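Enquirer:
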Amino acid sequence: MLGKTAGGLFWMSRYLERSENSARLIDAGFRIALTRSKSAADEWESVLTTVGARTAYCEKYDDFSSTQVIDFLLRDTSNPGSVLSITKLARDNARLVRTAITREVWEATNESWMTLKDLFRRKVREQDLPDVLNTIRQQSALVRGAVMGTMIRNDGFNFSRLGTFIERADNTARILDVKYYLLLPTIANVGSSLDNVQWETILRSVSAQRSYRWLNGPDTNPVQVAEYLIINRQMPRALAFCYNKIDDNLGHLEGNYGERTTASQMADDICEEYMSQPIETIFDNGLHEYLLEFLAANNRLAMQIEQDYRFQQS
Amino acid sequence: MFGTDDTLRAPYAAYQKWLDGEKADRLKRKTREAEAFFRKTGITFNVYGEEEADERLIPFDIVPRIITAREWRKLSRGIEQRVRAINAFLYDIYHRQEILRAGRVPVELIAQNEAFLPQMIGVNPPGGIYTHIIGTDIVRTGDDQFYVLEDNARTPSGVSYMLENRETMIQMFPELFSQIAVQEVGRYPQDLRRSLAACAPPACSGKPTVAVLTPGIHNSAYFEHSFLADQMGAELVEGHDLSVQGGRIAMRTTRGYQPIDVLYRRIDDDYLDPLNFKPESMLGVPGIMDVYRAGGITIANAPGTGIADDKALYSYMPQIVEFYTGEKPMLENVPTWRCSEKDQLAYVLDNLPELVVKEVHGSGGYGMLVGPAATKKDIEEFRKKLENNPGNYIAQPTLALSTVPIFTNAELAPRHVDLRPFVLVSPKGISITPGGLTRVAMKKGSLVVNSSQGGGTKDTWVLEE
Numbered sequence: 001m002l003g004k005t006a007g008g009l010f011w012m013s014r015y016l017e018r019s020e021n022s023a024r025l026i027d028a029g030f031r032i033a034l035t036r037s038k039s040a041a042d043e044w045e046s047v048l049t050t051v052g053a054r055t056a057y058c059e060k061y062d063d064f065s066s067t068q069v070i071d072f073l074l075r076d077t078s079n080p081g082s083v084l085s086i087t088k089l090a091r092d093n094a095r096l097v098r099t100a101i102t103r104e105v106w107e108a109t110n111e112s113w114m115t116l117k118d119l120f121r122r123k124v125r126e127q128d129l130p131d132v133l134n135t136i137r138q139q140s141a142l143v144r145g146a147v148m149g150t151m152i153r154n155d156g157f158n159f160s161r162l163g164t165f166i167e168r169a170d171n172t173a174r175i176l177d178v179k180y181y182l183l184l185p186t187i188a189n190v191g192s193s194l195d196n197v198q199w200e201t202i203l204r205s206v207s208a209q210r211s212y213r214w215l216n217g218p219d220t221n222p223v224q225v226a227e228y229l230i231i232n233r234q235m236p237r238a239l240a241f242c243y244n245k246i247d248d249n250l251g252h253l254e255g256n257y258g259e260r261t262t263a264s265q266m267a268d269d270i271c272e273e274y275m276s277q278p279i280e281t282i283f284d285n286g287l288h289e290y291l292l293e294f295l296a297a298n299n300r301l302a303m304q305i306e307q308d309y310r311f312q313q314s
Numbered sequence: 001m002f003g004t005d006d007t008l009r010a011p012y013a014a015y016q017k018w019l020d021g022e023k024a025d026r027l028k029r030k031t032r033e034a035e036a037f038f039r040k041t042g043i044t045f046n047v048y049g050e051e052e053a054d055e056r057l058i059p060f061d062i063v064p065r066i067i068t069a070r071e072w073r074k075l076s077r078g079i080e081q082r083v084r085a086i087n088a089f090l091y092d093i094y095h096r097q098e099i100l101r102a103g104r105v106p107v108e109l110i111a112q113n114e115a116f117l118p119q120m121i122g123v124n125p126p127g128g129i130y131t132h133i134i135g136t137d138i139v140r141t142g143d144d145q146f147y148v149l150e151d152n153a154r155t156p157s158g159v160s161y162m163l164e165n166r167e168t169m170i171q172m173f174p175e176l177f178s179q180i181a182v183q184e185v186g187r188y189p190q191d192l193r194r195s196l197a198a199c200a201p202p203a204c205s206g207k208p209t210v211a212v213l214t215p216g217i218h219n220s221a222y223f224e225h226s227f228l229a230d231q232m233g234a235e236l237v238e239g240h241d242l243s244v245q246g247g248r249i250a251m252r253t254t255r256g257y258q259p260i261d262v263l264y265r266r267i268d269d270d271y272l273d274p275l276n277f278k279p280e281s282m283l284g285v286p287g288i289m290d291v292y293r294a295g296g297i298t299i300a301n302a303p304g305t306g307i308a309d310d311k312a313l314y315s316y317m318p319q320i321v322e323f324y325t326g327e328k329p330m331l332e333n334v335p336t337w338r339c340s341e342k343d344q345l346a347y348v349l350d351n352l353p354e355l356v357v358k359e360v361h362g363s364g365g366y367g368m369l370v371g372p373a374a375t376k377k378d379i380e381e382f383r384k385k386l387e388n389n390p391g392n393y394i395a396q397p398t399l400a401l402s403t404v405p406i407f408t409n410a411e412l413a414p415r416h417v418d419l420r421p422f423v424l425v426s427p428k429g430i431s432i433t434p435g436g437l438t439r440v441a442m443k444k445g446s447l448v449v450n451s452s453q454g455g456g457t458k459d460t461w462v463l464e465e
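These protein sequences, in sequence, are chains A and B.
Throughout the first sequence, residue numbering follows the working numbering, covering 1 to 314 in sequence.
Throughout the second sequence, residue numbering follows the working numbering, covering 1 to 465 in sequence.
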């Protein structure tokens, strides 16, 4: 497979994952804004910080009103991180790797872009937002379904999955970090009574409210939420789950190509360092520091994969 | 569809019978469905310089163009003869130049031609083949009268539309294909791959690796490039994926460099190799010409092939066919005036309102004058261009082109068409896919069928015997 094609598959999947994640976050923010009008602006600010768009937003606007933030995050083409921009990037990458994906995957990606382009022709009204966010997630599910149902399990599939899980791990870590950091300005506050509703939104944004209850009962406890999102190997958006998949896919590539890469070693090291310590230790040493280091390590791994498999000319 | 006496032509009888049973509403709906289908599959072409609408659909018409097996036999024999002559001409022109010595083609037409590549003199392309893929543009003026309008011997495009048009028709009107026996076109990608593989270079060991070279995602024909690579199961590469490695052209894969044997390139000669041609070009592969000359890779179509489809040379094609095949051409040229010649220029200038004037090196319907459709002002402007640079133009009469019906506003209306059959050449022989791409002028009375000028396409049926 061409290095460029591997890179295209990797990024196509990253962008698809990213657009879904934005929709999830906006959904969580919107829910808070509906139920607690007082902290709505804070909540939107934290959503912007999570997706890394706060600086760009503040260059354009002075306050964090819902309609403005929503517009910026969904359909503003001057925002390279808006759902519309990201979907376009996913589609451009799919076009680039047209020869490595099935007709179904291509059509699903292309249709998803056309649907959203059409949806975002006008400003999204508040009453339409739930429907719109639903559509984004549905489109994303359609592409994922096409990938899982039609793509041959070759190296191309592995690169696509690597993109998905690198991005997802990044997203989950960011959600946790921003929430935690904003909620707990000082380390001394760890364990103090927290705003449960805010932690609920974290669970909501990763579609894990119900499954969390199965495991932990009715109370929302920050340590347990963090444990669930970091160490649980069954929760599809948890860091440990993502790294399990990253390991699998790097392992398949290794078997296919008969070559152990630096990236494989690096992924093993990340698992060892970040997913095998008890949550109490993580909290003792500082969750924020832990997450920052993890994000950097995750990013280094992405760059190492790029290098090992020659995505670009070196 | 109708003969000169307004009677239904025989090949359309079965289709007409089906059409009579159809409701206009259903056909209207099918037209819309076809558009959605093309959008969804991403069958678009890019228009340069139009930001918003940078991906456009080529209008598709649901009424097929129908050709009988007998007509097709005649046509395809004529095309085959012409393609043989073109390859022989190319070999000759880059070797002994006997046709020039014999005085059948003027020397300056070659010597001063930008499409002629001195770098190709004495080079022997693998299998002796220069043009592996040709699209010959044909127009029809009467029942048995076909003319060749153009030989696209360098990078003919449109074959993906031929294939997708058929696919769309089968999806929309499956019942038609069970009622009427139409010859298949769907094997083209496999044929293309087989044909290209048969032209592998001396350096190839084992199963030939075939790749398609595209200028990239922003090229107007990117859809076609990716479509062909996809359908052939070949890699789609750009210049920056390739480099010279150990005397071969190799592509950068996830496991290191892997040599390519046959490169179906869809970029022009000038951009192919910055070391040998345009130094600023980022599209090509530095050093590919040296590898090529040493037999390390097959380039399809061969560099320098463009000399054969140059419009200035077009008017000599009948002589070229006769010179190399020893036979009269089975397909005629459209009569052509060469503006480089004084008396012919005078005639052209006197008769501009009746003529079509084209740039010698132009393509895509740009830079041409269609006399009967032009305003007085257009004509006077073009007259100046002609006087300033007569060698840059040829002129042709506007033929009484045959028309075929299109479906418009719930009824059929006649429009002018041309036909581009696709030809594959390998040492094993020449194959022509039955049919080709029918391009149609969507505007009433218009003769311009180019997609870049708003022309559309339709499915082309060659009936079974």
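Virtual Cβ for every residue (Gly too), placed ideally from N, Cα, C.
The structure presented is a predicted model; accordingly, all values stated were derived computationally and were not measured.
Is there a C-beta anywhere in chain B that falls below 8 Å from the one on Arg310 (chain A)?
Expert: Here residue 310 (chain A) is taken as the residue at index 310 of the first sequence, counted from 1. Yes, contact with chain B.
Enquirer: Tell me which residue opens and which closes the beta strand (DSSP E) that Ala312 (chain B) is part of.
Expert: As a first step, residue 312 (chain B) must be located in the second sequence, where it is residue number 312. That residue, Ala312 (chain B), is in no beta strand (DSSP E); its alpha helix (DSSP H) goes Lys311 to Tyr314.
Enquirer: Which of the three DSSP states is assigned to Ala23 (chain A) in this structure?
Expert: Translated into positions along the first sequence, residue 23 (chain A) becomes position 23. It is helical.
Enquirer: With Tyr396 (chain A) as the anchor, note down where its alpha helix (DSSP H) starts and where it stops.
Expert: Outside the modelled stretch of chain A, which goes from 1 to 314, sits residue 396 (chain A), for which no answer is possible.
Enquirer: Taking the beta carbon of Asp128 (chain A) as the centre, do at least 16 other beta carbons fall within 10 Å, making it buried, or is it exposed?
Expert: On the first sequence, position 128 is the one that residue 128 (chain A) refers to. Looking at its Cβ environment, which holds fewer than 16 other Cβ atoms inside 10 Å, Asp128 (chain A) is exposed.
Enquirer: Is the stretch 136-156 of chain A in contact with the stretch 209-228 of chain A, if contact means three or more CB pairs nearer than 8 Å?
Expert: Short answer: they don't touch.
Enquirer: Are Thr305 (chain B) and Asp261 (chain B) close, meaning C-beta to C-beta below 8 Å?
Expert: One-based indexing of the second sequence puts residue 305 (chain B) at position 305. One-based indexing of the second sequence puts residue 261 (chain B) at position 261. Result no, Cβ atoms of Thr305 (chain B) and Asp261 (chain B) do not sit closer than 8 Å.
Enquirer: Where does His218 (chain B) land, buried or exposed, given buried means 16+ other C-beta within 10 angstroms?
Expert: Translated into positions along the second sequence, residue 218 (chain B) becomes position 218. Classification for His218 (chain B): exposed.
Enquirer: Does the distance from the CB of Asp467 (chain B) to the CB of Pro303 (chain B) come in under 8 Å?
Expert: Summary: the structure shown does not reach residue 467 (chain B), with chain B confined to residues 1 through 465, and so no result is reported for it.
Enquirer: Counting only C-beta atoms, is Trp44 (chain A) closer than 8 Å to chain B at any point?
Expert: The count along the first sequence starts at 1 and reaches residue 44 (chain A) at position 44. With 8 Å as the cut-off, Trp44 (chain A) does not count as an interface residue toward chain B.
Enquirer: Alpha carbon to alpha carbon, how far is Arg14 (chain A) from Trp72 (chain B)? Give it in angstroms, no decimals.
Expert: Translated into positions along the second sequence, residue 72 (chain B) becomes position 72. Translated into positions along the first sequence, residue 14 (chain A) becomes position 14. If you take the alpha carbons of Trp72 (chain B) and Arg14 (chain A), they lie about 50 Å apart.
Enquirer: Count the other CB atoms, across all protein chains shown, that sit within 10 Å of the CB of Tyr61 (chain A); report buried if there are 16 or more and exposed otherwise.
Expert: Here residue 61 (chain A) corresponds to residue number 61 of the first sequence, with the count starting at 1. That one is exposed.
Enquirer: Are the C-beta atoms of Gln313 (chain A) and some chain B residue less than 8 Å apart?
Expert: Indexing the first sequence from 1 puts residue 313 (chain A) at position 313. For Gln313 (chain A), the answer is yes, since a Cβ of chain B falls inside 8 Å of its Cβ.
Enquirer: Per the DSSP calculation, Pro259 (chain B) is bridged to which residue(s)?
Expert: Along the second sequence, read from residue 1 onward, the residue named residue 259 (chain B) stands at position 259. According to DSSP, which records beta bridges pairwise, Pro259 (chain B) is partnered with B:Ala250.
Enquirer: For Leu176 (chain A) and Leu291 (chain A), which I take to be in contact (beta-carbon distance under 8 Å), what is that distance rounded to the nearest angstrom?
Expert: By 1-based counting over the first sequence, the position of residue 176 (chain A) is 176. By 1-based counting over the first sequence, the position of residue 291 (chain A) is 291. That belief holds up - the Cβ atoms of Leu176 (chain A) and Leu291 (chain A) are roughly 6 Å apart, short of 8 Å.
Enquirer: Could you name the residues of the stretch 244-257 of chain A whose beta carbon sits closer than 7 Å to any beta carbon of chain B, in the order they occur along the chain?
Expert: Of all residues in the stretch 244-257 of chain A, Tyr257 have a Cβ within less than 7 Å of some Cβ in chain B.
Enquirer: Between the stretch 234-256 of chain B and chain A, which residues of the former have CB atoms less than 9 Å from a CB of the latter, in chain order?
Expert: Cβ contacts with chain A come from Ala234, Glu235, Leu236, Val237, Glu238, His240, Asp241, Ser243, Met251, Arg252, Thr253, Thr254, Arg255 and Gly256.
Enquirer: Quick check: the stretch 87-97 of chain A against the stretch 45-59 of chain A, are at least 3 beta-carbon pairs closer than 8 Å?
Expert: No contact exists between the stretch 45-59 of chain A and the stretch 87-97 of chain A.
Enquirer: Please report the straight-line C-alpha distance between Asn171 (chain A) and Pro59 (chain B), rounded to a whole angstrom.
Expert: Mapped onto the first sequence, residue 171 (chain A) falls at position 171. Mapped onto the second sequence, residue 59 (chain B) falls at position 59. Cα-Cα distance, rounded: 43 Å.
Enquirer: According to DSSP, is Ala475 (chain B) part of a helix, a strand, or is it coil?
Expert: This structure gives no information on residue 475 (chain B), because the portion of chain B shown stretches from 1 to 465.
Enquirer: Identify whether Glu332 (chain B) lies in helix, strand or coil by the three-state DSSP scheme.
Expert: By 1-based counting over the second sequence, the position of residue 332 (chain B) is 332. In the structure shown, Glu332 (chain B) sits in a strand (DSSP, three-state: E or B).
Enquirer: Assuming Ile394 (chain B) and Val360 (chain B) make a contact with CB atoms under 8 Å, what is their CB distance in whole Å?
Expert: Stepping through the second sequence from its first residue, residue 394 (chain B) is reached at position 394. Stepping through the second sequence from its first residue, residue 360 (chain B) is reached at position 360. Right, their Cβ atoms sit about 6 Å apart.
Enquirer: Please identify, using Cβ separations under 9 Å, the residues of the stretch 106-131 of chain A that lie next to chain B, in order along the chain.
Expert: Residues passing the 9 Å Cβ filter: Trp106, Glu107, Asn110, Glu111 and Met114.
Enquirer: Entirely within the stretch 86-143 of chain B and at least 4 residues each: give me those alpha helix (DSSP H) ranges in chain order.
Expert: Listed in chain order, the complete alpha helix (DSSP H) runs (minimum 4 residues) inside the stretch 86-143 of chain B are 98-101 and 107-111.
Enquirer: Give, in chain order, every unbroken run of the beta strand (DSSP E) that is at least 3 residues long and sits entirely within the stretch 411-462 of chain B.
Expert: Here the runs fully enclosed are 411-420, 422-426, 429-432, 437-440 and 456-462.
Enquirer: Alpha carbon to alpha carbon, how far is Ala56 (chain A) from Thr403 (chain B)?
Expert: Translated into the one-based positions of the first sequence, residue 56 (chain A) becomes position 56. Translated into the one-based positions of the second sequence, residue 403 (chain B) becomes position 403. C-alpha separation (whole angstroms): 58 Å.
Enquirer: Should Lys88 (chain A) be flagged as near chain B, meaning a C-beta pair shorter than 8 Å?
Expert: One-based indexing of the first sequence puts residue 88 (chain A) at position 88. It does not: the Cβ of Lys88 (chain A) has no partner Cβ on chain B nearer than 8 Å.
Enquirer: Would you call the CB atoms of Arg266 (chain B) and Leu313 (chain B) closer than 8 Å?
Expert: Stepping through the second sequence from its first residue, residue 266 (chain B) is reached at position 266. Stepping through the second sequence from its first residue, residue 313 (chain B) is reached at position 313. Contact flag unset, no.
Enquirer: Is there a Cβ from chain A that is less than 8 Å from the Cβ of Ala34 (chain B)?
Expert: In the second sequence, the residue the question calls residue 34 (chain B) occupies position 34. Chain A, which has no Cβ nearer than 8 Å to the Cβ of Ala34 (chain B), makes this no.
Enquirer: Below 8 Å, can you find three or more Cβ-Cβ pairs linking the stretch 174-184 of chain B to the stretch 239-249 of chain B?
Expert: Touching, no, given that fewer than three Cβ pairs across the two stretches are closer than 8 Å.
Enquirer: In whole angstroms, give me the CA-to-CA distance for Phe116 (chain B) and Phe146 (chain B).
Expert: Position 116 of the second sequence holds residue 116 (chain B). Position 146 of the second sequence holds residue 146 (chain B). Spanning the two alpha carbons is a distance of roughly 29 Å.
Enquirer: To which residues does DSSP link Gln245 (chain B) through a beta bridge?
Expert: Residue numbering aside, residue 245 (chain B) sits at position 245 when the second sequence is read from its first letter. Answer is B:Arg248.
Enquirer: Looking at the C-beta of Lys40 (chain B), does it have a partner C-beta in chain A at a distance below 8 Å?
Expert: Locating residue 40 (chain B) in the second sequence gives position 40, where the first residue counts as 1. So yes, Lys40 (chain B) belongs to the interface.
Enquirer: If we cut at 8 Å on Cβ distances, does Thr316 (chain A) have a partner in chain B?
Expert: Since the first and last residues shown for chain A are 1 and 314, residue 316 (chain A) lies out of range.
Enquirer: Give the C-beta separation of Asp343 (chain B) and Pro64 (chain B) to the nearest angstrom, bearing in mind that I take them to be a contact with Cβ-Cβ under 8 Å.
Expert: If you number the second sequence from 1, residue 343 (chain B) lands on position 343. If you number the second sequence from 1, residue 64 (chain B) lands on position 64. Incorrect: roughly 44 Å between the Cβ atoms, too far for contact.
Enquirer: Can you give me the start and stop residues for the alpha helix (DSSP H) that Lys245 (chain A) sits inside?
Expert: Locating residue 245 (chain A) in the first sequence gives position 245, counting from the first residue. Its alpha helix (DSSP H) spans residues Leu239 to Tyr257.
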